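Below: one structure, written as structure tokens.
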Amino acid sequence: MRYDSPSKARESGRRRGTAAASAVVLAAGLLLAVGQTASGAENDPAPAQQRVDNPYDGAQVYVNPVWAANAAAEPGGSAIADQPTYVWLDRIGAIEGNDSPTTGDYGLRDHLDEAVSQGADLFQVVIYNLPGRDCAALASNGELGPDELDRYESEYIDPIAEILADPAYAGLRIATIIEIDSLPNLITNVGSRETATPQCDEMLANGNYVNGVGYALAQLGAIPNVYNYVDAGHHGWIGWDNNFGASADLFFEAANANGASPDDVHGFIANTANYSALKEDHFAVGDIVNGQPIRGEASWIDWNNYVDELSFAQAFREEAISAGFNSDIGMLIDTSRNGWGGSERPSGPGPQTSADEYVDGGRYDRRIHLGNWCNQAGAGLGERPTASPEPGIDAYVWAKPPGESDGSSEEIPNDEGKGFDRMCDPTYEGNPRNQYNMSGALDHAPLSGHWFSAQFQELLANAHPPLGSEPGEPGEPGEPGEPGEPGPVTGCSVDYSLQSQWNAGYVVEVTVTNTSSTALPSWSLVWTNPNGQQVTSAWNASVTQQGTQVTASGSGWNGSIPAGGSVSFGFQGTSNGAHVAPAAFSLNDSVCS
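1404 is the number of the first residue of the sequence shown in my numbering; add one for each residue after it.
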């Protein structure tokens, strides 16, 4: 896929570079290239290129064949299987290829050869293996102990730098994300703060996060075609006054540590592997309700200075420049899972009866709390990867490949160094980092990085912009793929299965089977919710509730049910007591067994 800039002026003071290219659609030849391997690419030096202002402008970006194959194997997944995603190097073995869930048997050189074979201009890679990795989240712990900086440098960064510097890849622009979820932890999760952890205190004391990031920046930044972007958390992490400037100062310290300089930093990335909405349209941090500013009155905002990632990223860029970084740095925003579309997406602001009702009724981000980060229920794909979408923003990217789990919902023994974090357990009632709210996580999740089909299907169903909304794609009105009128049902069955329950919440999975010999071009399932039960979010179907009546319907990839076939969807709800299953269901106005 080619990243192309919209026709708008770049912000003054940005790096001098190439102009935006005209729009180019991914050619069939690229799809044929996925799965092929370049022959001898490492032996054929590519012509070097000059460093550019924005590496994403006009670039055809590498499509990871491992992720693309997983996506294409899912119902409806072919609609996005051609999108560029980052390759994650989350352990030493991934450099050479270790049949890991994120890289398959592709090593770094295999991916780079594939990028050359695809004719790509840009390759994206996450550098993610710090000593004592992710000191505040057990699900993403790594293989290196907190004191193993020497191994990080010699066994991890040095081999990566050697491969990236190979002349065979000199014609590629290489964008790196440097160590997500690391440096911000040294601001928010240390010392006397309620959110502190002993592991983060240790990493602050031994300096190995700062020195590890500095070493990675120095070694990779010395390669002329590498563009380093440092992870900057997200607005719900460092958007508060006491985190914002301190984080920029710490990042500048790391950019001057262990041989690095600020020139080794091309920019920063916000919202990596997170869910914060790109732009909240229905409220702003300065809004007033009942004479009071919502910033201090709405529990969702809780005195934060930002309500979405775009405003945060643009402001953080300026703060980083003030801290000492070059004035030509750019920002990336991960939009892989922050679309929050589907039937629950608000179409306007909430009522002005209170600050909470105003914000909660209008916000796109439907997480229970901003601190919830693991496999969030109701999330959807966000903006497709795009270059130069806004001033100061180099690109919207899919850094976290959609469909790869954030962590397991229960403890799973493994040899990957990954622990079990209760924030990935849907029954967990929280900790200080999410103010003791429910985790909002999906059940039945595998280890972090492993393929999570149910999450992928939910991301498709809740995508915003919706799948098929781009001009000329199937699924538009009048185009092939539009569902027909509901047909008569001569036989159907419904399997309604309670997956989990906690306090006043529960999760249900529903499978609808067409037992007749006639296909249903569209479907609508209706039932009455007993016991005061209320649907709060859903995936793989549009599920709405009016009074006690609930209606679920499919669209797009699951909008029809073939003869003898079935569709499945899930939803989360609340109840006044123990969950009670509905007594009866009707499909297209016909009673189901």
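Don't be surprised by glycine CBs; every beta carbon is placed ideally from N, CA and C. Small disclaimer: the values here were computed from a predicted structure and weren't measured.
Could you pull the start and end residues of the alpha helix (DSSP H) that VAL1519 belongs to? Position 116 of the sequence shown, counted from the first residue, corresponds to residue 1519. Note, VAL1519: alpha helix (DSSP H), 1511-1521.
On a CA-only basis, which of PRO1849, HIS1853, TYR1531, ARG1596 is nearest ASP1493? Give me that one, please. Walking along the sequence shown from the start, residue 1493 turns up at place 90. Cα-wise, what sits closest to ASP1493 is TYR1531.
Just how far apart, CA to CA, sit VAL1929 and THR1954? For this step, residue 1929 is matched to residue 526 along the sequence shown. For this step, residue 1954 is matched to residue 551 along the sequence shown. Looking at the two C-alpha atoms, the distance is approximately 5 Å.
Assign PRO1835 to buried or exposed, taking buried as 16 or more other Cβ atoms, counted over all protein chains shown, within 10 Å of its Cβ. Translated into positions along the sequence shown, residue 1835 becomes position 432. Exposed, since its Cβ has fewer than 16 Cβ neighbours within 10 Å.
CB contact below 9 Å: CYS1895 versus chain E: Protein chains in the displayed structure number just one, and chain E is not present.
From ARG1454 to PRO1627, what does the alpha carbon distance come to, in whole angstroms? One-based indexing of the sequence shown puts residue 1454 at position 51. One-based indexing of the sequence shown puts residue 1627 at position 224. C-alpha separation (whole angstroms): 7 Å.
How would you call ALA1444, buried or exposed, if buried means at least 16 neighbouring beta carbons within 10 angstroms? Here the question's residue 1444 lines up with position 41 in the sequence shown. Bear in mind that a pLDDT of 42 at ALA1444, under 50, signals an unreliable position, so the number given afterwards is only what the model happens to contain. ALA1444 is buried by the Cβ-count criterion.
Tell me whether THR1675 sits in a helix, a strand or coil according to DSSP, three-state version. Here the question's residue 1675 lines up with position 272 in the sequence shown. Correct three-state label for THR1675: coil.
Look at the Cβ atom of GLU1721, then the Cβ atom of HIS1637, and state whether they are nearer than 9 Å. What you label residue 1721 is simply residue 318 of the sequence shown in a count that begins at 1. What you label residue 1637 is simply residue 234 of the sequence shown in a count that begins at 1. No, the pair does not count as a contact, with Cβ atoms beyond the cut-off.
Taking the alpha-carbon positions, what's the SER1750 to ARG1766 distance? Locating residue 1750 in the sequence shown gives position 347, where the first residue counts as 1. Locating residue 1766 in the sequence shown gives position 363, where the first residue counts as 1. When rounded, the distance between both Cα atoms is 9 Å.
Quick check on this structure: which residue in LEU1547, ASP1553, GLY1624, ASP1537 has the alpha carbon closest to the alpha carbon of GLU1582? Along the sequence shown, one-based indexing puts residue 1582 at 179. Closest option to GLU1582, Cα to Cα, is ASP1537.
May I have a chain-ordered list of the beta strand (DSSP E) segments no shorter than 3 residues that lie completely inside the segment 1525-1606? 1525-1530, 1576-1581
Please go through the same chain and pick out, in chain order, the residues whose beta-carbon is closer than 6 Å to the beta-carbon of ALA1758, but skip the five residues on each side of it. In the sequence shown, the residue the question calls residue 1758 occupies position 355. Hits under 6 Å: VAL1692, ILE1697, GLU1700, ALA1701.
Going by DSSP in three states, ASP1992 sits in which element: helix, strand or coil? Taking the first residue of the sequence shown as position 1, residue 1992 is located at position 589. If DSSP states are grouped into helix, strand and coil, ASP1992 belongs with coil.
Whose C-beta lies closer than 6 Å to the C-beta of GLU1814 among residues of the same chain, with five residues either side of it excluded? By one-based count along the sequence shown, residue 1814 stands at place 411. Answer for GLU1814: PHE1823, listed in chain order.
Which residues in the same chain as ALA1573 place their Cβ atom closer than 8 Å to its Cβ, once the five residues preceding and following it in sequence are excluded? As a first step, residue 1573 must be located in the sequence shown, where it is residue number 170. Answer for ALA1573: PRO1448, ALA1449, PRO1450, ALA1451, GLN1452, PRO1627, ASN1628, listed in chain order.
Just confirm the distance between the C-beta atoms of ALA1790 and ASP1460, as a whole number of angstroms; I'd bet it's less than 8 Å. Stepping through the sequence shown from its first residue, residue 1790 is reached at position 387. Stepping through the sequence shown from its first residue, residue 1460 is reached at position 57. That pair is a contact at about 5 Å.
For HIS1982, name the three-state secondary structure that DSSP assigns. Working through the sequence shown from its first residue, we reach residue 1982 at position 579. Note: HIS1982 maps to coil in three-state DSSP.
How is the alpha helix (DSSP H) around ALA1790 delimited, first residue to last? Numbered from 1 along the sequence shown, position 387 holds the residue referred to as residue 1790. Counting along the chain, ALA1790 falls outside any alpha helix (DSSP H), though it belongs to the beta strand (DSSP E) covering 1789-1793.
Taking the alpha-carbon of ALA1941 as reference, which of GLY1843, GLY1967, GLY1689, THR1918 has the nearest alpha-carbon? Translated into the one-based positions of the sequence shown, residue 1941 becomes position 538. The residue with the shortest Cα to Cα distance from ALA1941 is GLY1843.
Could you pull out every residue in the same chain whose Cβ sits closer than 8 Å to the Cβ of GLY1564, ignoring the five residues on either side in sequence? Here residue 1564 refers to the residue found at position 161 when the sequence shown is read from its first residue. Just to set this straight, residue 1564 is Ala in the shown sequence, not Gly. Within the same chain, ALA1564 has close Cβ partners GLN1622, LEU1623, ALA1625, ILE1626.
CA-to-CA distance, TYR1799 to VAL1786, given in whole angstroms: Stepping through the sequence shown from its first residue, residue 1786 is reached at position 383. Stepping through the sequence shown from its first residue, residue 1799 is reached at position 396. Correcting the residue identity first, residue 1786 is Glu in this sequence and not Val. Cα to Cα, GLU1786 sits roughly 7 Å from TYR1799.
At which residues does the alpha helix (DSSP H) containing ILE1796 begin and terminate? Stepping through the sequence shown from its first residue, residue 1796 is reached at position 393. Per DSSP, ILE1796 belongs to no alpha helix (DSSP H); it is in the beta strand (DSSP E), 1796-1800.
Which class does ALA1987 belong to by DSSP, given the choice of helix, strand or coil? Along the sequence shown, read from residue 1 onward, the residue named residue 1987 stands at position 584. It is coil, neither helix nor strand.
Which residues bound the alpha helix (DSSP H) around ILE1641? As a position in the sequence shown, residue 1641 is number 238, starting the count at 1. Taken as a continuous stretch (DSSP letters only), the alpha helix (DSSP H) holding ILE1641 covers 1638-1641.
4-residue-minimum alpha helix (DSSP H) runs that sit fully inside the segment 1802-1830, ordered along the chain: none
Give every residue of the same chain whose Cβ lies closer than 7 Å to the Cβ of ILE1704, excluding the five residues on either side of it in the sequence, and list them in chain order. For this step, residue 1704 is matched to residue 301 along the sequence shown. Cβ within range, chain order: VAL1688, ILE1697, ARG1698, VAL1710, VAL1762.
When you compare each of ASN1631, ALA1649, ASN1544, ALA1568 to GLN1602 by their alpha carbons, which one comes out closest? To locate residue 1602, count along the sequence shown from 1; it is residue 199. Closest option to GLN1602, Cα to Cα, is ASN1544.
Please state whether the Cβ-Cβ distance between VAL1897 and VAL1913 is less than 9 Å. For the purposes of this step, residue 1897 is identified with residue 494 of the sequence shown, where counting begins at 1. For the purposes of this step, residue 1913 is identified with residue 510 of the sequence shown, where counting begins at 1. Taking 9 Å as the Cβ cut-off, VAL1897 and VAL1913 qualify as a contacting pair.
Based on Cα-Cα distance, which residue from PRO1985, PHE1859, HIS1685, GLY1535 lies nearest to ALA2001? Given that the chain is displayed from residue 1404 to residue 1996, the structure contains no residue 2001 and the question cannot be resolved.
Provide the residue span of the alpha helix (DSSP H) that contains PHE1997, from first to last. In this structure the chain extends from 1404 to 1996, so residue 1997 is not present and cannot be described.
For the 8 Å Cβ check, are there 3 or more pairs between the segment 1934-1949 and the segment 1966-1979? yes
Starting from GLN1904 and walking both ways along the beta strand (DSSP E), at which residues does that stretch end? Taking the sequence shown and counting its residues from 1, the one referred to as residue 1904 is at position 501. Unbroken beta strand (DSSP E) run through GLN1904: 1895-1905.
For TRP1470, three-class secondary structure by DSSP: Position 67 of the sequence shown holds residue 1470. Looking at TRP1470 - three-state DSSP - the assignment turns out to be helix.
Give every residue of the same chain whose Cβ lies closer than 6 Å to the Cβ of PRO1804, excluding the five residues on either side of it in the sequence, and list them in chain order. Indexing the sequence shown from 1 puts residue 1804 at position 401. Result list for PRO1804: TRP1470, THR1488, in chain order.
Where GLU1912 falls: helix, strand or coil (DSSP): Your numbering for residue 1912 matches position 509 in the sequence shown. Here GLU1912 sits in strand by DSSP.
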